[in-house]
Structures are given as C-alpha cells and as structure tokens.
Amino acid sequence: MVPSPAPGKSRGAADVLEPDRQRGGWCCDRTLPVTLMKMGPNDDPEAFLVLSRKPPRQAWALVSVIGGGNGSCTEDVREHENHDTGGKALARRDFITVDGVRFSVSAYSEWRNGYPISGFQVDAVDKVVLNLLDDVSSWKPGDRIVVASTDYSMHQAEEFTLLPCPHCNRKQVRIQGKPQFTHVGEILDGVDMRAEVALLSRNILIHGEMENSCYGKNWCQFFSHDTFGGHIKIMGNFSSVHLSQVELKHMGQQQEKGKYPVNFHMCGDVDQRGGYSDPAYVDSLSIHHSFSRCVTIHATNGLLVRDTVGYDTLGHCFFLEDGIEQRNVFFHNLGLLTRPGTILPTDRNDSMCIEITDRVHKGYTPSPANECKAVSTFWIANPNNHLISNAAAGSQDAGIWYVFHNSSTGDSHGLVPETKAELTPLGIFYNNRVHSNFKAGLFIDRKVKSTNATAADPREYLCLDNTARFRPHENSDPTRPRMSALIDTLISFKNNDLGAWIRGGDIIIRNSGFADNGVGLSFASDGSYPKDEGSSQEVSQSLFVGESRNRGTNGGQNKYWGISGVDGKMRTLPRNKTFPIRGFQINDGPVRIINSTYRAFSSTAERYTMAVGFSLKNIWQLTPRNSLSFLAFHPSVTRRTFFGRPGEWFEQNDLDGDKNSIFHDLDGSICNYTDTYVGRADNFLIRHPQCVDVPHWNGVVCSGKYSQVYIQTQGASNLSLSISRDEYPDKPMVLRGIRSQTAPSQQYQPVLMMGKSYTVHWNGPAPREIVLSLINFDQGDWALLGLCYPNDTVFQITSDIYNKQNNGFDGIEDYGPVSSMSDLEKRQLERKFFFDKSVGLVWLYAQARHRRDGHSYCSTVGCERVKIIATVRANQKTQTCNCTASAYPKYSKTASAIVPMPKPNTGPCRACGASQFAFSSDPWNSYLQTQIKSLSVQEEQSNDTQAYITVNAERFNLNQSGFLLVTVDACSGQVTKSSLFPKMDSKMEHYFKTGIMKRSIVLLATRGQPADIGAVAQYLVPLGSAKVPDLQNKEAIAFYGFLGKGGLSPQPWAALLACQGARVLGLQERFIPLSLEEYSCPPQKDPPTRMDLELLRNSLR
13 MVPSPAPGKS RGAADVLEPD RQRGGWCCDR TLPVTLMKMG PNDDPEAFLV LSRKPPRQAW
73 ALVSVIGGGN GSCTEDVREH ENHDTGGKAL ARRDFITVDG VRFSVSAYSE WRNGYPISGF
133 QVDAVDKVVL NLLDDVSSWK PGDRIVVAST DYSMHQAEEF TLLPCPHCNR KQVRIQGKPQ
193 FTHVGEILDG VDMRAEVALL SRNILIHGEM ENSCYGKNWC QFFSHDTFGG HIKIMGNFSS
253 VHLSQVELKH MGQQQEKGKY PVNFHMCGDV DQRGGYSDPA YVDSLSIHHS FSRCVTIHAT
313 NGLLVRDTVG YDTLGHCFFL EDGIEQRNVF FHNLGLLTRP GTILPTDRND SMCIEITDRV
373 HKGYTPSPAN ECKAVSTFWI ANPNNHLISN AAAGSQDAGI WYVFHNSSTG DSHGLVPETK
433 AELTPLGIFY NNRVHSNFKA GLFIDRKVKS TNATAADPRE YLCLDNTARF RPHENSDPTR
493 PRMSALIDTL ISFKNNDLGA WIRGGDIIIR NSGFADNGVG LSFASDGSYP KDEGSSQEVS
553 QSLFVGESRN RGTNGGQNKY WGISGVDGKM RTLPRNKTFP IRGFQINDGP VRIINSTYRA
613 FSSTAERYTM AVGFSLKNIW QLTPRNSLSF LAFHPSVTRR TFFGRPGEWF EQNDLDGDKN
673 SIFHDLDGSI CNYTDTYVGR ADNFLIRHPQ CVDVPHWNGV VCSGKYSQVY IQTQGASNLS
733 LSISRDEYPD KPMVLRGIRS QTAPSQQYQP VLMMGKSYTV HWNGPAPREI VLSLINFDQG
793 DWALLGLCYP NDTVFQITSD IYNKQNNGFD GIEDYGPVSS MSDLEKRQLE RKFFFDKSVG
853 LVWLYAQARH RRDGHSYCST VGCERVKIIA TVRANQKTQT CNCTASAYPK YSKTASAIVP
913 MPKPNTGPCR ACGASQFAFS SDPWNSYLQT QIKSLSVQEE QSNDTQAYIT VNAERFNLNQ
973 SGFLLVTVDA CSGQVTKSSL FPKMDSKMEH YFKTGIMKRS IVLLATRGQP ADIGAVAQYL
1033 VPLGSAKVPD LQNKEAIAFY GFLGKGGLSP QPWAALLACQ GARVLGLQER FIPLSLEEYS
1093 CPPQKDPPTR MDLELLRNSL R
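Counting in this note's numbering, the sequence shown runs from 13 upward without gaps.
Structure, rendered in structure tokens:
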C-alpha cells in the first residue's frame, strides 16, 4: 500500500492562514471568506437584484445584476397546481466578488397550503476556497482537513472534506459546506494569526473498533462515547523504528495508563548515542479523535517527532512522562483541541479532579486549581528537549507547559534519584505558536508531587506542586555560572488568560508577538531573598497588541461577547467583559523590557486596558529594579500603564504589593521623564515635591534612588505595620505582611527612597525580634529607620551577612548605643543606635557596606542584615506600639528631592520599539507593512485631514483631492514610485498602462471623491481584481494589487475596498509577503537563512 503524500499544516485566503512550511504536516489558511457573504460597499461594489412574488396563482423568482442587462438574469415561473398549493419557483445565480470569492444568490416563491412563501438566500456552501501557504497539490478531493480556531475557544476548530476544484491553483483547496466561524488568514496588527490547516487523511489508516457509547469501567460519568481504543507500544532494544505517513484514529484508552496511540516505552537512547546509525523518528502522522494522548515519550531520549498532527484528543497530547526524557526534538508539529482526561491529576478538569479520589489519602478532597487542571498540548517534563516551529492551537488549559520533576517518577521511579530539572538549561525553543488555550499559551512553572499520598501530605502522586523554581545553571550545577533560557520567536494570541506565564531566571524572550490575550506576558522570579541569587528576566524586540482586528465569532463556547477594542465594535473577550487587559504584567522582578512596541490598548467604560500593568491583588514584593526602556506606543494605546483603583478585579487595591507597585523608566519612553520611577500616586514613601502626578494612571513620576527593606518579625502575629516618611508623617503606608495574619513570623517589603528617614509602628505589641534585610541596596545606600517600642525596652542589636552557600552568618557585629540623634547622624558609618525613650523610637542606619552586582538582591559577600532583639518589661508587653503621635512633629522634616526631576523629553525616540513590523511564524520570509488611509468628502467635512499611504513607516501624503499611487518592488520591498493624479485622465491612464514596473505591489488611495473615479475600475483587473468593479458613486477606495512579470498574476492578499454614504474606510493595514516564488523574482545573492532547519540540524547532532 502506498502511503498518502505528506500532510499539510498550511496557513491560508483573504482572511484565513498561509503557507509556511516546506515539508508536509500542516500549513496556514489565508482567509476563510465567511464574512465575504455579507454584501455591501466594502465587499463588492457590484449590486444584485433579487425579486420574488407571492401571487395566489403563480410563483415567480428572479435574480439579476442591476444594470447587467438580460444576460445577467435568471428567472423561474411556476403555474399553480390547485387552490392551496402551487409550484415552487427557484432562481439561482453564481457570483464572484472582486476579490475572487465565489457565492450564490437564490430567490424562491411558492404557494403552500393556502399561504404565500417567498425569500432569498446568499450562500457560499461548497464554494469556499482556502488560500494556503504551501503547495498542497497532493491533497485530493475526499480528503479530510481540520482548520484551527483563531479565537479564544479551541472548539471553533472545524473539519471539512475537500471538493474538486478545477480553478484552484497549487496553494488552494475547496471545501464542502461552509465554515461556522471566522478563521483568520493574515497577519493582523503585526502578529501572525493565520489559522493552521492540517490534512487528516492518509492512505494507511489504523483505527480502534468503537462501540456506540461508553460502557463498563471507562469513566462513563465523564464521557458519553467509547474511550477504549487501540494502541501502539514500542519497547526498548529494537533494531529500527520509523513511523511515517500513517493515520491513527480512535486510539488510546482512558481505562488504563500506558495505552496510547504511539508510546515509546522506556527505550533509552534512540539516537546515535544509543548506537543507532539511523535514529528513530515519528514523521507526518495524523492522530485524531484519540482517547489518550498523541505521542508519548517515556524514559526515551533523542527521538525526533516531526510534521505530526494531534487533533481532538484526551489528556496531554505530546507527552514526556517521567521527567528524565532528554534531547527529544519536536519539529513542526501541530496539536489542537486537547481535552481533559482522567489518567493523571494534571490531565483532569474540575469534576474529574474532585471525583477521582482512589489515590488520595482517605477523606481528602483535591483542589482542582492547585493540583489538577493542567492538560496541555505539549507537556515537557524536562527542560533539555527541543521545540522548533510547533503550534499548540487549542487546549483546555495550556498550549506548552514546562513542568519540573525533582526525581524520576512513574515506571522510572528511583532510576534517577535527583533529576536536577530545575537547574537544567533549556533546550532550543524557537518559532513556536500558542493560541486558543484557556489558561495559558506557554507556561513554565511548577513541578509534580513525587511521593505517594500520606496523612501528612494527602495529595495524589503526580499532582501539581507549586514549589519548583526554574534556575538553569551550566551543567545543572548551582556552583557553575547561570545559563540564560532563550525563548525566541514565540507567537501567542487569543489565549483566554495568559499569553505566557514564566517563573524563573535567567529568562530571555525576544522577537515575539503577543495579541488578544487576557494578559500578554507575565514573569515571576525564581524566588526572593535569601533564595534568589540574582536572576533576571528580559523581553526585547517584541510586540504586544491589546485587542487586534481579529474580532472573533460569537459562539463556539466563547463565553463573552461585547463592544470593545480601538474600533468600538462587537468582539469576543477574554475572561470577562470587565477583566483588565494587560500587555505585560509586572509581577515581582527584576524584569527588563526593552525595544518593544505596544498597539491597541484602549479602555472601555466597563474595563481598564493598559500596555503595562501589575499583578492583581498582589501581596508580594515589587522591586524598583524592574526597568523599561526604548518602548514605542502607537496612538491606539490610550493607557500606557495603570496602578489600579478599588473596584471589580482590583477589590480594595490595598494589599502590600498593590501599594508598592513601581518600575524604573530608564529613558522616559513611558512617562516622558528620563531616569525616573513610576509608582502609585498615594505612595508617599517614594514621593517628593517635584514629582509629577499622572491621574489617568493613578500614578506618580518621581526622580530619586529606591530600594527595599524586608522587615521580618518573630514572636508576634496579627500585626499590621505602619511606616511613615518623616517628610510626610500624615501619609503612612499600612502593610499587612505576605503571610497569614495568624503566622508567628511575618515579612513586610516596603520600597523606600534612599537617603531619607522613616518611622515604623505597629497596631499591637512590638515583635520581640525583627530582622531588617537590605534588598537591592548598592554600596553606600542608606535609610534612617526609627522603630517604635515601649520606653523601657532593652535592645540587643547586631549586624550580620547571610551566606547562602553555607547557610550561615558571617561578619557578626554589635551595635552600640549613642545618647542623641545628632550623635547618631555624625557617626552614620559606625554601627550605632539611638533610643529616644521620650518618644519610644529606636533609631539606626540601614546602610550597605558591600558591593552588589547585576540583579542580585544582596551584596557580593551575602545579604546584609540588621537584627533587633527587644526585651520588654512584663507590664509593657501588651502595649500597642504606635509612636506616631509623639514622633511628630518632633521628627518631621521638610520634603525635598535628593535627585532633581529632569526636564520632560522633547521629540520622538528614534530608537524606540521593535525593529521589525511583522512577527510571523515564517520568520525567514519578509513582510511589508502597508497602510492606506483614503478620505471621503464626508470625512473631510468632519475635519479629518489625513489621507496617506505608508510603506514600512515611510509615509506618502495625499494633501489634495485625487488619487495617490505608490508602487513597491515585490522582491526587494523598495518603493519605486509615488504618483499623484488629481483625476482619472489620460496621464493616469498612461500610468496604468506603461508606468508600473513588472513585479510591483500597487497601492492606491483616494481623497475627496475625484472626478471619474469609476473609470479606474477597468485598470484594476490586470492588478488582481477578479472582475471589473462598479465604482460609480463610490466616495473613497483603497486598493492593494500586484502586477506580475508575465501579466495577470492575482495574489490572495490583493483587495479592493470602497465606501459610500455614511460608511468610511478608516485606516487599512496589510502585511504583504515579499520575494514569493509566484513573483518570479531573480535569485537572491544572500537568501535568508532557514534558522529552523539550521537549529534542527544542530539538535540532531
């Protein structure tokens, strides 16, 4: 039997996904023309007439083109048959839009049972053609394909059967029926949202025999269908295993672990390290409607899985099982519609998690949010694996999840006592896509529990555990240098909650695009003092889009639909109609965001939307070392940052982290003041008189230097801390602490301006022991602190340095008393304290004496601390220690700025923003950003004066009534000509005939309804219009066309848009591919490097 040709993951037509792969597997559709069935001025200037009548004795129907003459008419007449029922008249005619989209119009009329019935229908059933990125000429009529969702709901993925299509080219297919949902087929707002299109059919089919419904012990309370399918298991010590071009359907079993469609079971090294001259691989499989996973790699290393589709499956799809699997390569695979399963806690949804309790300790009820709900399309249980050019296009929880095992688990339990997964450097991560996932696109965090359930820990074996911290080091050795984990070219969109959540360090994300996520990207540090030794996280050369032009489709299990976005139109929404959308979320830090661009963040009356925001209801610390620089904000960003307000989602906005939110604007690209800090407006610990308030952000911009003092207490519970700066004594900050109020120890983490004095008070008795840790202090930084105690307290105050490596304390020195504040101020560099008994404040300097490097919380010799042990008389032990009334005005000071506020920046930042315009999943190809802003007379009368064309930000203005044509070399992307014509005359006619170079992209804009606008129509056909459009009475047009080397060469991105009456075109934007094979460009001297193929070769060495 001959296997079927390579499957396609194609991307594809005027609005579905496009081609981006050389091999088979899947490609992307350019545009499912579902929306093109709506006839109107922007769809096709041609109008048609539909007539039907409801006479008592005769049925008549007609479809005709207005002004098209008799040849454009289709008519049907039926005589009556009796008094109650007449024959049905049906007139039907096929049409094509100027963009080449085919549809039909039907009119009908009849007399039935004494009642007249008539109507008409515009339909595209069996006429939809998908324009794909790859050559799919090997796909045949009768084959089955799946088109991925490009909305929040993974359930908008749709299956189709291919139909014969004589008029299709090698990158087009025609589908049976029509799509229910919109599937995007283009780059929108700079982010590649083209839907994956996968071929499911193969000549070789292996499938399980199915019963009509669930039966027996197959978890029928969760599944109505049979889940007992076939399975393929590959054991170790084989001579050769190569699986290719096979379709697997109804495979896998929910009843029993280990029964998967493809299972490499404890095979060890299957590459050259294992002695295989021809290493094992899985290539171009179609695994669909599976009942347990897709491809399982179990205690197996060095396996290549490429060009494989996993669709509509239960449980983790591409699955690394025991945490010891390494060097496996996932290249250009597609997983979509990944549903929950029962096998592992991490496979399960809420109900499964709660009801499956046979492996928890007796009487324990699992917590779904903390132990389950992690089903993922790619479940990567060890960082040392390679992911290149994969797509995770819809999972109940996560697209790609990196989880950490501290020891080997499952059947490998005990083989590797310590995996060191948290210390293991990340393998190659390049050019992966994650979208339409409910929890997160990419998730790097957590581990699995590696012990059985006990009374002490009743949770199930292999449930989620929240104690992992990814901190890669060279050779997985914590004494060796840190290794950066690189996430390169990630595309993340339409993920309901998070585009990406990444905990750990060092982490670098670059060349990535995030759009339409609840939160685009959120980092979390790998810990804090004293565990975190100075990790950092960085985002560079990336794009964040709040709400793109991908408005989605109401339905398909999308929960929320409402008015939103820059255009104020109806669209699908993440999380909730009121959920605060954030592009980048600052969680703790330190993080750096540099050379990145933000677009389309526009708040509504119901929801705050911001480019840079903060974690909501945050109890944790935020370091002032979080820094942002060289950022660019499009005019569509109405709120660059926001510090929250009391209300829905923010609640009271009064937790410790909420109050201490802050970041460093290094160059002023956010706040317009260089080297300043942006914090919350009501935080008077960071303010001075020159600070600039920004009410729109609930923020304030201040100059200065800022660090943190961690105040750790022992021997006191239910205490709140109140800290006041002496310059603003009436504006204290009250902190609850990061731990439970009933905990015997507590930690408070205020951000302080260096070089200032503060007093600390309590709402109960003072703690008997306090440790002040100097966090992010540079050498010489200081703050003067006064802590409130009963006036007869006796102190033992020491300084030390915590050494993380030996978990010990070095350099222990005692603080000695002095008799006055002036004496203390004179002896600042000595270890002295002053206890003002009249007020109840013990004063001391918290000052750093050692150098701090990089992003470390602490100095190079360790974490500098001050420890205060207080002995309080018995009769004062219950005394509330709030000294505010007696401390002020005695210690009040006049507010001042240590570092003067800089002058506001003037002029634009030329180096700000990402250097690229389009973030695509075929980064070896170049795309041209084009914008057309045409202007009607009505818009001019509404004081809109802007008409122009831009090409990669180079702007060509149209300042007078007429036409503007810009031509661009489709091979190089260089603008070749810009021409203005006041009207359609002989000069413009000559230009159309002879003035446009072959292989040119042609852009046309109009202003003010120029004379003879309709005469332009005939000249658009050689440039890609499928027919001569009717442009009479149109008030504005925008056109994208192409003139091929050999004449007519229509491109799927070509488009004509027109408006009249109250409708306006607005700003049109398209990203046009350059140097396509169809353009017949001359050979390039230095063709672009296929980095994905280069990395694949490197990973297989």
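Every residue, glycine too, gets a C-beta built ideally from N, C-alpha and C.
Query: Leucine 970 vs arginine 1019 beta-carbon contact at 7 Å; Result: yes
Query: Residues near phenylalanine 591 in its chain [Cβ-Cβ closer than 8 Å; skip 5 each side]; Result: Gly530, Leu585, Arg619 and Trp661
Query: Residue(s) in a DSSP beta bridge with arginine 594; Result: Val531 and Met622
Query: Same chain only: Cβ atoms within 7 Å of methionine 3, ignoring 5 sequence neighbours per side; Result: Outside the shown range of the chain (13 to 1113) lies residue 3, about which nothing can therefore be said.
Query: Beta bridge counterpart(s) of proline 128 as assigned by DSSP; Result: Trp123
Query: CB contact flag (histidine 328, histidine 277, <7 Å); Result: no
Query: Which of helix, strand or coil DSSP assigns to isoleucine 1084; Result: strand
Query: Assigned secondary structure, proline 57 (DSSP; H/G/I helix, E/B strand, else coil); Result: With a pLDDT of only 39 at proline 57, under 50, the local geometry of the prediction cannot be trusted, and the value read off the model is given with reservation. If DSSP states are grouped into helix, strand and coil, proline 57 belongs with coil.
Query: Sub-7 Å separation of leucine 797 and alanine 886 beta-carbons; Result: no
Query: C-beta contact flag for lysine 589 and tyrosine 610 at 7 Å; Result: no
Query: Helix, strand or coil at glutamate 1121 [DSSP, three-state]; Result: The shown model of the chain, from 13 to 1113, leaves out residue 1121, and the question about it has no answer.
Query: Counted within 10 angstroms of its Cβ, other Cβ atoms place tyrosine 272 as buried (16 or more) or exposed; Result: buried
Query: Counterpart residues of leucine 316 in DSSP-defined beta bridges; Result: Tyr293 and Val341
Query: Chain-order list of residues whose beta-carbon lies under 6 Å from that of glutamine 753 (same chain, five-residue window excluded); Result: Asn730
Query: Best match in Ser948, Val963 and Gly564 for proximity to alanine 1074 [C-alpha to C-alpha]; Result: Ser948
Query: Per-residue burial, arginine 1109 [other beta carbons within 10 Å of its own, 16 or more giving buried]; Result: exposed
Query: Burial state of isoleucine 910, where buried means 16 or more other Cβ atoms lie within 10 Å; Result: exposed
Query: Continuous beta strand (DSSP E) assignments of at least 3 residues falling wholly in the segment 1034-1091; Result: 1048-1055, 1067-1071 and 1079-1085
Query: Same chain, Cβ closer than 7 Å to glutamate 951, neighbours up to 5 away in sequence not counted; Result: Val1076
Query: Cα-Cα separation between lysine 717 and tyrosine 900, rounded to whole angstroms; Result: 25 Å
Query: C-beta contact flag for leucine 533 and alanine 386 at 7 Å; Result: no
Query: Assumed close pair phenylalanine 526, glycine 511 - CB separation to whole angstroms, cut-off 8 Å; Result: 4 Å
Query: Stretch-stretch touch, CB-based, cutoff 8 Å, three pairs: the segment 396-415 with the segment 153-161; Result: yes
Query: Stretch pair the segment 206-213 + the segment 597-617: three plus CB contacts closer than 8 Å; Result: no
Query: Opening and closing residue of the beta strand (DSSP E) in which valine 253 lies; Result: Run containing valine 253: none; DSSP gives neither H nor E here.
Query: Reference proline 1064, options Asp1042, Ala1038 and Gln1072, closest by Cα; Result: Ala1038
Query: Whole-Å CB distance - glutamate 1133 paired with arginine 494, under 8 Å assumed; Result: With the chain represented from 13 up to 1113, any question about residue 1133 goes unanswered, as that position is not in the structure.
Query: As assigned by DSSP and simplified to three states, the class of threonine 962; Result: strand
Query: For glutamate 430, the nearest candidate out of Phe342, Gln408, Gly335 and Asn478 (CA to CA); Result: Gly335
Query: Spatially closest choice to asparagine 599 from Met766, Thr616, Lys629 and Ala617, by CA coordinates; Result: Lys629
Query: Rounded distance between the beta-carbons of asparagine 345 and aspartate 319, thought under 8 Å; Result: 7 Å
Query: heavy atom of the ligand ZN below 6 Å from proline 1094 C-beta; Result: Among the components modelled here there is no ligand, and therefore nothing to report on the ligand ZN.
Query: Nonlocal neighbours in the same chain, by C-beta distance under 6 Å from valine 46, ignoring five residues either side; Result: Because valine 46 carries a pLDDT of 27, less than 50, the predicted location of this residue cannot be relied on, and no value is offered for it.
Query: Sheet register partners of tyrosine 718 (DSSP bridge); Result: Met765
Query: Identity of the residues DSSP links to leucine 799 by a beta bridge; Result: Val772 and Val854
Query: Below-7 Å beta-carbon distance, proline 1095 vs any chain B residue; Result: Protein chain content of the structure displayed is limited to a single chain, and chain B is not contained in it.
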